[in-house]
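Numbering (the UniProt record's numbering), first residue to last: 1 to 323.
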Amino acid sequence: MRILHTSDWHLGQNFFNKNRRSEHQAFLDWLLTTAKENDVNAIIVAGDIFDTSTPPSYARELYNQFVVGANKLDCQLILLGGNHDSVSVLNESKNLLKYLRADVVAHASGEDKEQVVSILDSDGQVGALVCAIPFIRPQDVMSSQSGVKATEKQQQLGEAIKAHYHKLYLEAQSQQAELESQLGKKVPIIATGHLTALGVTQSESVRDIYIGTLEGFASDAFPPADYIALGHIHRPQIVGKKENIRYSGSPIPLSFDELKSNKQVVMVEFENTTPNIHPIAVPNFQPMASLKAIFTQSKSNLQHSNRVSKPFGSPLRCLNKIF
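Shown next as structure tokens:
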């Protein structure tokens with residue numbers, strides 16, 4: 001059983017008024033090729049598929065084309081909503097994409113069984129169970145209360161998120177036990193999330209998703225899943241020194257301070273319930289540089305950059321437009 005973990009695509013993003021369509025297209029093509037070459041059973045996208053709640057038509061087209069491409073590879077998709085994603089936009093094609101082996105989980109409310117997704121192996125049997133948890137909005141897990149202090153509300157939210165994780169994990173354990181009696185083996189349990197964990201390194205393009213004192217989710221508050229695939233933080237990293245809790249990071253730089261961050265997707269291969277984790281570097285599809293100099297010097301540097309490489313567009317033309 002092999003999965004690829006990715007997140008934070010931000011399809012439709014504009015970077016200084018320049019859209020990233022060509023870069024995203026190159027990444028999605030590369031991702032499908034990588035899935036094919038590694039005989040991957042499923043791809044998990046841990047939130048922020050789109051950059052805004054009203055993505056442009058070309059971004060939706062990229063999304064739909066990717067789903068079709070994965071289906072041609074017989075590769076299952078688990079697509080989670082992030083804080084940038086619109087629940088209604090993801091849900092509008094949810095039932096249709098289900099026929100293409102793409103499970104869309106846009107929000108955290110609903111039946112527990114619907115949020116535990118089975119990944120099928122090459123023989124058509126259940127090879128893993130996924131607690132498919134997207135970005136959790138307060139209204140998904142707690143009711144509104146008047147007269148409660150802000151600090152107390154944030155503490156309650158943290159406890160509600162923890163309770164939601166453990167509730168779905170118990171449902172997955174129940175299904176795991178039933179499958180073990182049928183298959184004679186224990187399948188791994190994977191959990192997902194789109195949130196800020198305590199102690200992570202952020203970048204300037206990450207939008208705060210909780211207001212108040214809930215600055216992050218403690219790594220020991222997660223249930224003991226065999227692998228936890230996280231999104232929201234754009235720098236790839238492990239959480240709480242636990243190798244099996246990871247942010248895959250964004251596949252392309254979404255701000256200049258991400259230039260030194262090596263972009264990756266994470267391949268996880270399970271031997272029974274033990275994960276073997278292999279980060280795979282994402283190619284640099286569009287060179288970027290932040291130059292601090294007087295305009296004439298910057299223009300000279302950019303002219304040199306154009307001669308060396310210009311895969312999708314000239315940064316010099318962009319600078320000329322600014323000035």
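Yeah, the Cβ is synthetic: ideal placement off N, Cα and C, and Gly gets one too. Nothing here was measured: the structure is a model prediction, and the numbers come from that model.
CA-to-CA distance, residue j to residue i, given in whole angstroms
{"i": "M288", "j": "I43", "result": "28 Å"}
{"i": "D220", "j": "E159", "result": "13 Å"}
{"i": "R137", "j": "A163", "result": "14 Å"}
{"i": "P251", "j": "A128", "result": "25 Å"}
{"i": "Y210", "j": "S261", "result": "Note that Y210 scores 46 on pLDDT, short of 50, meaning its location in the model is unreliable; the coordinates nonetheless yield the value given after this. Looking at the two C-alpha atoms, the distance is approximately 25 Å."}
{"i": "G69", "j": "Q13", "result": "22 Å"}
{"i": "L259", "j": "L96", "result": "37 Å"}
{"i": "A197", "j": "F217", "result": "4 Å"}
{"i": "T34", "j": "K98", "result": "23 Å"}
{"i": "I49", "j": "L79", "result": "8 Å"}
{"i": "Y20", "j": "G47", "result": "Just to set this straight, residue 20 is Arg in the shown sequence, not Tyr. When rounded, the distance between both Cα atoms is 18 Å."}
{"i": "V116", "j": "L4", "result": "18 Å"}
{"i": "Q237", "j": "M267", "result": "14 Å"}
{"i": "F15", "j": "L254", "result": "8 Å"}
{"i": "N276", "j": "Y169", "result": "21 Å"}
{"i": "G240", "j": "L100", "result": "36 Å"}
{"i": "R246", "j": "P188", "result": "16 Å"}
{"i": "R2", "j": "A229", "result": "13 Å"}
{"i": "F135", "j": "S290", "result": "32 Å"}
{"i": "R317", "j": "T274", "result": "Low confidence applies to R317: its pLDDT is 43, below 50, so where it sits in the model is not reliable, and the reading given next is rough at best. Straight-line Cα distance between these residues: approximately 50 Å."}
{"i": "Q145", "j": "E152", "result": "11 Å"}
{"i": "K18", "j": "V200", "result": "29 Å"}
{"i": "K36", "j": "S57", "result": "27 Å"}
{"i": "Q173", "j": "N38", "result": "28 Å"}
{"i": "Q139", "j": "N64", "result": "29 Å"}
{"i": "E178", "j": "A26", "result": "42 Å"}
{"i": "D257", "j": "Q286", "result": "15 Å"}
{"i": "V148", "j": "Q175", "result": "38 Å"}
{"i": "P315", "j": "D51", "result": "Residue placement at P315 cannot be trusted, given a pLDDT of 48 that sits under 50; the coordinates are not used to answer."}
Residues that residue i bridges to, as DSSP identifies them
{"i": "Y247", "result": "L230 and Q237"}
{"i": "T274", "result": "E271"}
{"i": "G193", "result": "L230"}
{"i": "V282", "result": "Note: V282 sits in no beta bridge, so no partner."}
{"i": "Q264", "result": "A281"}
{"i": "residue 328", "result": "With the chain covering only 1 through 323, there is no way to say anything about residue 328."}
{"i": "I44", "result": "H5 and I78"}
{"i": "K242", "result": "V239"}
{"i": "F256", "result": "None, per the DSSP bridge assignment."}
{"i": "F50", "result": "L11"}
{"i": "residue 324", "result": "Past the boundaries of the shown model lies residue 324; the chain is included only from 1 to 323, so the question cannot be answered."}
Option in the options with minimal Cα separation from residue i
{"i": "W9", "options": "H84, V200, K36 and F16", "result": "H84"}
{"i": "E114", "options": "S122, D121 and K94", "result": "K94"}
{"i": "L73", "options": "L11, M267, A191 and S122", "result": "S122"}
{"i": "L32", "options": "N14, M1, L77 and A46", "result": "L77"}
{"i": "I119", "options": "V265, V130, F256 and H278", "result": "V130"}
{"i": "T6", "options": "S255, L183, K98 and P279", "result": "P279"}
{"i": "Q125", "options": "K98, A177 and Q182", "result": "Q182"}
{"i": "A108", "options": "A102, E92, L100 and V87", "result": "V87"}
{"i": "W30", "options": "V141, F66 and I133", "result": "F66"}
{"i": "P224", "options": "N244, P236 and D140", "result": "N244"}
{"i": "L90", "options": "D112, C75, R60 and G110", "result": "R60"}
{"i": "N284", "options": "H24, P134 and V104", "result": "H24"}
{"i": "E269", "options": "V282, D257 and Y227", "result": "Y227"}
{"i": "H194", "options": "I161, E37 and E152", "result": "I161"}
{"i": "V282", "options": "G199, K149 and Q264", "result": "Q264"}
{"i": "S22", "options": "L62, K36 and K167", "result": "L62"}
{"i": "N272", "options": "D140, K185 and S57", "result": "K185"}
{"i": "G249", "options": "V45, N38, P134 and Y58", "result": "V45"}
{"i": "N71", "options": "D103, T52, D140 and D51", "result": "D103"}
{"i": "residue 330", "options": "S57, K167 and K149", "result": "The question about residue 330 has no answer, for the chain in this structure spans 1 to 323."}
{"i": "S53", "options": "E92, N17 and D257", "result": "E92"}
{"i": "residue 334", "options": "D140, D257 and F222", "result": "The shown model of the chain, from 1 to 323, leaves out residue 334, and the question about it has no answer."}
Residue j beta carbon less than 8 Å from that of residue i
{"i": "G82", "j": "H234", "result": "no"}
{"i": "L28", "j": "P55", "result": "no"}
{"i": "Y165", "j": "A191", "result": "yes"}
{"i": "Q154", "j": "M142", "result": "no"}
{"i": "V105", "j": "C75", "result": "no"}
{"i": "D112", "j": "E171", "result": "yes"}
Runs of alpha helix (DSSP H) wholly within the segment 3–42 (minimum 4 residues, chain order) | 21–37
Can you list the alpha helix (DSSP H) stretches of 4 or more residues lying completely in the segment 65–111, in chain order?
-> 87–92 and 94–98
In chain order, which alpha helix (DSSP H) runs of at least 4 residues are fully inside the segment 139–200?
-> 150–183
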